[in-house]
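Enquirer: Have a look at this one.
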Amino acid sequence: MIIEPKMRGFICLTAHPKGCEQNIINQINYVKSKGQIEGAKKVLVIGASTGFGLASRITAAFGSGAATIGVYFEKPPQEGKTASPGWYNTAAFEEQAHNAGLYAKSINGDAFSNEIKQKTIDLIKADLGQVDLIIYSLASPVRTNPKTGVTHRSVLKPIGQPYSNKTVDFHTGIVTEITIQPCSDEDIENTVAVMGGEDWEMWIDDLKAAGALAPGATTVAYSYIGPSLTEPVYRKGTIGRAKDHLEATAFGISDKLKDLNGKAYVSVNKALVTQASSAIPVIPLYISLLYKVMKEKNIHEGCIEQIQRLFEQRLFNGSAVPTDEKGRIRIDDWEMRDDVQAQVAALWEQATTENLPAIGDLPGYKTDFLNLFGFDVPKVDYLADVNEVVEISGLV
Ligand code: NAI
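Residue numbering for the sequence shown is 1 to 396, as defined by the UniProt record's numbering.
Right under this line is the structure:
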């Protein structure tokens, strides 16, 4: 079929297999161009099909020659109906990995469930024995806690008082003022239950109990801080409470891994266009100004550049892993540079619908957004008839 983007708000209902494949090839080529990383060799990535998790899987496989198992939750294709992009990404990744002689298998299902944890552990035990790196990169609006059976829904709201600021509809470029009402106490608990560290810890507990963690095993989850201007809706809002919890959980997991000489880290990453971040009000305007400033300074990075640098210069740099005073790895260092933030803050004050095309990088935002679904990717023939029913060769 001929596949075109079908936009609905901040999601796209279709995805292009060839565009997703080309994105994967581009990311693999980038990682290869940066040379070998003496990193982990048996890697589990939870949330492996898009965004930072996908970039982690690609970096582990093509930077360090690692065997990878990916866990994700994606919609398979049907005749006449495209899959979600993470499905096509995984199909392309596994094909490339297998062609390169690398082990790559995956599991599609709810990572929060006991069933998928057990299935993953069984696969590790059968094929790899143990894993030495576990990347935890889930972004989800909902989680059913397998112990209580309660389904929690996360919200993106300020705490305590309403928050008003500018935002942009990135499809139309229209800048408006929005007010987000504060959350309830229940909203905080639910958001922490979905995006905090509880499930990460459950994974590590289960993997350890099953003997599936190699000596020296490292686990990394991803967090975000960002500037003061987004604080009320991000770091000091409901999602920020979840990230506080995630960051605190790293210390608890590290204690549990002491006997294995293992360690848990949180890496604070840069703000990027992903399916998760485009759903957060205010953030798209911030990102479009940030992109403009970082591109001008030649320090712009996407997910793959961020994660390649994380692996090469932080996690596997040949000596101690550098962390901040709170024990976090910082790969958001360029985003948070004083000169970058001062310029973004000044542009933020000025931003209007009329001047955004000149002072912000809305085209960059839009392109990145379309790219997430395999659209607007150079070298792809969008007029060609493509088969939407693509299989994932390593799907278990
Ligand atoms: P994403 O939406 O691109 O990826 C989410 C991944 O989780 C996908 O592989 C998806 O299939 C998987 N997933 C979601 N629910 C699942 C479930 N129930 N079971 C199994 N898999 C499931 O998200 P992104 O942006 O890469 O986020 C990953 C992490 O990075 C999150 O913790 C996020 O907060 C963090 N982060 C994101 C930043 C951004 O600007 N996008 C910045 C810094 C950190």
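Beta carbons: idealized from backbone N, C-alpha and C, even for Gly.
Excluding the five sequence neighbours on either side, which residues of its own chain have a C-beta within less than 8 Å of the C-beta of R235, listed in chain order?
Expert: The sequence position of residue 235 within the sequence shown is 235, counting from 1. The answer, listed in chain order, is Y224, I225, G226 and K243.
Enquirer: Is the segment 364 to 372 touching the segment 274 to 288 in the sense that three or more CB pairs, one from each, lie closer than 8 Å?
Expert: Touching, yes.
Enquirer: How close, in whole Å, do the beta carbons of L207 and I134 come, if the pair is a contact with beta carbons under 8 Å?
Expert: Looking up residue 207 in the sequence shown gives position 207. Looking up residue 134 in the sequence shown gives position 134. Right, the Cβ-Cβ distance comes to about 7 Å (below 8 Å), so this counts as a contact.
Enquirer: What three-state label does DSSP hand Q118 in the structure shown?
Expert: For the purposes of this step, residue 118 is taken as the residue at position 118 of the sequence shown. Helix, per DSSP.
Enquirer: Give, in chain order, every unbroken run of the beta strand (DSSP E) that is at least 3 residues long and sits entirely within the segment 243 to 316.
Expert: Counting only runs of 3 or more, we get 263 to 268.
Enquirer: Would you please state the rounded distance, in angstroms, between the beta carbons of T238 and K157? I believe it to be under 8 Å.
Expert: Looking up residue 238 in the sequence shown gives position 238. Looking up residue 157 in the sequence shown gives position 157. About 5 Å separates the two Cβ atoms, so the contact holds.
Enquirer: Given a threshold of 16 other Cβ atoms within 10 Å of its Cβ, counted over all protein chains shown, does V150 qualify as buried or as exposed?
Expert: The count along the sequence shown starts at 1 and reaches residue 150 at position 150. By the 10 Å Cβ count, V150 comes out exposed.
Enquirer: Does DSSP put V390 in a helix, in a strand, or in coil?
Expert: Along the sequence shown, read from residue 1 onward, the residue named residue 390 stands at position 390. Reduced to three states, the DSSP call for V390 is coil.
Enquirer: Is V71 near the ligand NAI, going by C-beta to nearest heavy atom under 7 Å?
Expert: In the sequence shown, residue 71 corresponds to position 71, counting from 1. Yes, Cβ of V71 sits closer than 7 Å to a heavy atom of the ligand NAI.
Enquirer: Near T82, which residues of its chain fall below 7 Å by C-beta distance, leaving aside the five closest residues on each side in sequence?
Expert: As a first step, residue 82 is located in the sequence shown; it is residue number 82 there, counting from the start. Same-chain partners within the cutoff: I3, T14, A15 and E388.
Enquirer: Please go through the same chain and pick out, in chain order, the residues whose beta-carbon is closer than 7 Å to the beta-carbon of N261, but skip the five residues on each side of it.
Expert: The sequence position of residue 261 within the sequence shown is 261, counting from 1. P215 and G216.
Enquirer: What are the boundary residues of the beta strand (DSSP E) that includes K157?
Expert: Counting from one through the sequence shown, the residue named residue 157 turns up at place 157. Where K157 is concerned, there is no enclosing beta strand (DSSP E), given that its DSSP letter is neither H nor E.
Enquirer: What residues are listed by DSSP as bridge partners for G70?
Expert: Residue mapping note: residue 70 aligns to position 70 of the sequence shown, counting from 1. Looking at the DSSP assignment, G70 forms a beta bridge with V45 and S106.
Enquirer: Going by the beta-carbon positions, is the gap between V380 and A91 smaller than 8 Å?
Expert: Locating residue 380 in the sequence shown gives position 380, counting from the first residue. Locating residue 91 in the sequence shown gives position 91, counting from the first residue. No, the pair does not count as a contact, with Cβ atoms beyond the cut-off.
Enquirer: Give me the Cα-Cα distance between A221 and Y265, rounded to the nearest whole angstrom.
Expert: Within the sequence shown, the letter at position 221 stands for residue 221. Within the sequence shown, the letter at position 265 stands for residue 265. Each residue's Cα considered, the two are about 7 Å apart.
Enquirer: Give me the Cα-Cα distance between P322 and A250, rounded to the nearest whole angstrom.
Expert: Mapped onto the sequence shown, residue 322 falls at position 322. Mapped onto the sequence shown, residue 250 falls at position 250. Roughly 15 Å between the two C-alpha positions.
Enquirer: What does the alpha-carbon distance come out to for the pair I287 and G70?
Expert: Reading the sequence shown from its first residue, position 287 is the one you call residue 287. Reading the sequence shown from its first residue, position 70 is the one you call residue 70. Looking at the two C-alpha atoms, the distance is approximately 28 Å.
Enquirer: Pull up the distance between the alpha-carbon of Y177 and that of I159, whole angstroms please.
Expert: Your numbering for residue 177 matches position 177 in the sequence shown. Your numbering for residue 159 matches position 159 in the sequence shown. At residue 177 the sequence reads Glu, which differs from the Tyr that was named. Cα-Cα distance, rounded: 19 Å.
Enquirer: Do G86 and the ligand NAI come close, with the Cβ less than 7 Å from some heavy atom?
Expert: Taking the sequence shown and counting its residues from 1, the one referred to as residue 86 is at position 86. Yes, Cβ of G86 sits closer than 7 Å to a heavy atom of the ligand NAI.
Enquirer: Report, in whole angstroms, the separation of the C-beta atoms of I331 and L347, which I expect to be a contact under 8 Å.
Expert: Residue 331 sits at position 331 when you count from the first residue of the sequence shown. Residue 347 sits at position 347 when you count from the first residue of the sequence shown. The pair is not a contact, with the Cβ atoms about 23 Å apart (cut-off 8 Å).
Enquirer: How would you write the range of the alpha helix (DSSP H) that V192 sits in, first residue to last?
Expert: Stepping through the sequence shown from its first residue, residue 192 is reached at position 192. Taken as a continuous stretch (DSSP letters only), the alpha helix (DSSP H) holding V192 covers D185 to M195.
Enquirer: Applying the 10 Å Cβ sphere with the 16-neighbour rule, what's the burial state of N23?
Expert: Here the question's residue 23 lines up with position 23 in the sequence shown. N23 comes out buried.
Enquirer: If you count every other CB in all the chains shown that lies within 10 Å of the CB of N355, and 16 or more means buried, which is it?
Expert: To locate residue 355, count along the sequence shown from 1; it is residue 355. Exposed: under 16 other Cβ atoms inside 10 Å.
Enquirer: Verify the CB distance criterion: does G197 have a CB-CB separation below 8 Å to chain E?
Expert: The structure shown has no chain E; it contains just one protein chain.
Enquirer: So A40 and T218 are supposed to be a Cβ contact under 8 Å. How far apart are they, rounded?
Expert: For this step, residue 40 is matched to residue 40 along the sequence shown. For this step, residue 218 is matched to residue 218 along the sequence shown. At roughly 7 Å, the Cβ-Cβ gap stays under 8 Å, so A40 and T218 are in contact.
Enquirer: How big is the Cα-Cα spacing for L123 and D376?
Expert: Here residue 123 corresponds to residue number 123 of the sequence shown, with the count starting at 1. Here residue 376 corresponds to residue number 376 of the sequence shown, with the count starting at 1. C-alpha separation (whole angstroms): 36 Å.
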